[in-house]
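The numbering used here applies: residue 3 is where the sequence shown begins, and numbers increase by one.
We put the CB at the ideal spot given by N, CA and C, even for glycine.
Okay, so here's the structure we're looking at.
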Amino acid sequence: MTGLEAIAIAPSDITDILITHIHTDHTGGLVIGENPAFPNATVHVAEADVDFFLNPQNSEETGYALQYFEEAEKTIGVYEKTGQIDQFKGTENVLPGIVATVHPGHTPGSAFFTVSSGEESIIFIGDLVHVPAIQFPSPQTTIVYDVAPDQAAAMRIEAFSDLADERQLVAAPHHPFPGVGHVSEHGEASFKWHPVEYRDRETE
Ligand SMILES: [Zn+2]
3 MTGLEAIAIA
13 PSDITDILIT
23 HIHTDHTGGL
33 VIGENPAFPN
43 ATVHVAEADV
53 DFFLNPQNSE
63 ETGYALQYFE
73 EAEKTIGVYE
83 KTGQIDQFKG
93 TENVLPGIVA
103 TVHPGHTPGS
113 AFFTVSSGEE
123 SIIFIGDLVH
133 VPAIQFPSPQ
143 TTIVYDVAPD
153 QAAAMRIEAF
163 SDLADERQLV
173 AAPHHPFPGV
183 GHVSEHGEAS
193 FKWHPVEYRD
203 RETE
């Protein structure tokens, strides 16, 4: 049983999908073969990533591997052709209670999504971090997947600092389970990750 089946939701019930950036480990599930896996969904993604990854000439101009552009065509490109994408830039309210903010570096249109409800909020930071054990104490450390490594490092330091100041609850995909926690700052451009304690509400 797939995750959606387990909660009795059909792929055709999905109305909106938030994409932090166009890398296949974040977009691969959008398609089945050459068709949208979610036929009624709008995919919300930054205009800067669509412009960059759906134009393979950018591979030649930047030296960023052609594979990423080919994979983008097979995922986001499918939704672009069917008119199922909503492109945002800067800071935009993409859905009620959900704000997108673009933080270029890892990719040109890498985005965070802040989901708010009442007094509470959580921010999904996409690939701001790939290796928590290294990049919190040394956020200047970049990874081969960064389109613009220097910009990615500067963005990480700036974002960590803001997240620590705001004591913001954060969700991050490349962290050990549960991937939700807080950031604190310790001296000049050095940070720590504090995961929340996982609780299973159904067995409590
Ligand atoms: Zn990525």
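Bridge pairing for N37: I34 [DSSP].
For T26, the uninterrupted alpha helix (DSSP H) run begins and ends at 26-29, by DSSP. Contact between the segment 125-132 and the segment 9-27 is present: three or more C-beta pairs spanning the two stretches fall below 8 Å. Here S119 is exposed, its C-beta having fewer than 16 other C-beta atoms within 10 Å.
Taking 9 Å as the cut-off, the Cβ atoms of I125 and L165 count as close. Per DSSP, P106 has no beta bridge partner at all. Residue state for T44 is assigned as strand, using DSSP reduced to three classes. N37 places its beta carbon 9 Å or farther from that of S14. Per the C-alpha coordinates, the member of I145, E204, P134 positioned closest to F179 is P134.
The beta carbon of T109 sits closer than 8 Å to at least one heavy atom of ligand 1. Residue V104 holds the alpha-carbon nearest to the alpha-carbon of V52 among A161, V104, N95. The DSSP assignment places 134-137 as complete runs of the alpha helix (DSSP H) inside the segment 128-161, in order along the chain (cut-off: 4 residues). When the five nearest sequence neighbours on each side are left out, the beta carbons in the same chain lying within less than 7 Å of the beta carbon of H188 are those of K194, in order along the chain. The shortest CA-to-CA distance from E122 to any of D27, A50, R169 is the one to R169.
Comparing alpha-carbon positions, the option among G79, G85, T116 lying closest to E94 turns out to be T116. Distance from the Cα of A67 is smallest, within the candidate group T109, A155, H196, for T109.
Put simply, of T205, E204, P175 the residue whose alpha carbon is nearest the alpha carbon of P197 is P175. For G183, the enclosing beta strand (DSSP E) has its first and last residue at 182-187.
In terms of Cβ geometry, V33 and T77 form a close pair [threshold 9 Å]. Here the residues close to ligand 1, judged by CB distance below 5 Å to any of its heavy atoms, are H25, D129 in chain order.
Checking the DSSP bridge columns, you'll see I87 partnered with V45. By the Cβ-count criterion, R158 is buried, with 16 or more other Cβ atoms from all chains shown falling within 10 Å of its own Cβ.
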